[in-house]
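Working notes, structure below.
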Amino acid sequence: MKTRPDAYHCPVEATIDIVGGKHKVLILWHLSKHGVLRFGELQRLMPQATPKMLTQQLRELEADGMLHRELYHQVPPKTEYSLTERGRSFTPVLNAMCVWGGEVLDEMGVEARGKGVE
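Structure representation (structure tokens):
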């Protein structure tokens with residue numbers, strides 16, 4: 001997110017700045033459906049994201065207050081991610097995106113894979 005929030009020209013610009021990364025919306029989607037996920041679980045759900053890119057996107061979402069990272073100091077170390085209140089407030093937008101995307105896929109004659117809105 002920009003260091004000066006008054007630099008945004010409209011609310012959509014702020015939204016895109018926060019969730020506009022290559023994998024950020026999918027990360028938020030998976031966390032909204034599963035609640036708490038470990039890094040390895042996110043990797044398995046998103047094989048198209050390299051570990052480096054996934055780490056970067058998670059750090060940015062954490063810095064923007066969208067998710068919480070819980071680090072457990074054990075052997076081996078364990079890190080869990082969950083949505084914050086701000087992240088949970090984005091769930092209706094994710095659900096709307098799912099509905100819209102499903103409609104577009106239907107129009108194209110493509111069957112959607114994965115879980116949609118429940």
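Numbering-wise (UniProt numbering), the sequence shown opens with residue 1 and increments by one.
Quick reminder that beta carbons are idealized off the backbone N, C-alpha and C, glycines included.
All values reported here derive from a predicted model rather than from experimental measurement.
One Cα belongs to GLY21, the other to ALA49, and the distance between them is close to 12 Å. A direct Cα-to-Cα measurement between VAL12 and LEU94 gives close to 15 Å. In the structure shown, ARG44 falls within a helical segment according to DSSP collapsed to helix, strand and coil. Positions of the alpha helix (DSSP H) runs, each at least 4 residues long and wholly inside the region 60-95, are given as 85-89 in order along the chain. Pairing HIS73 with SER32, the inter-Cα distance amounts to about 25 Å. In the three-state reduction of the DSSP assignment, VAL36 falls in the strand class.
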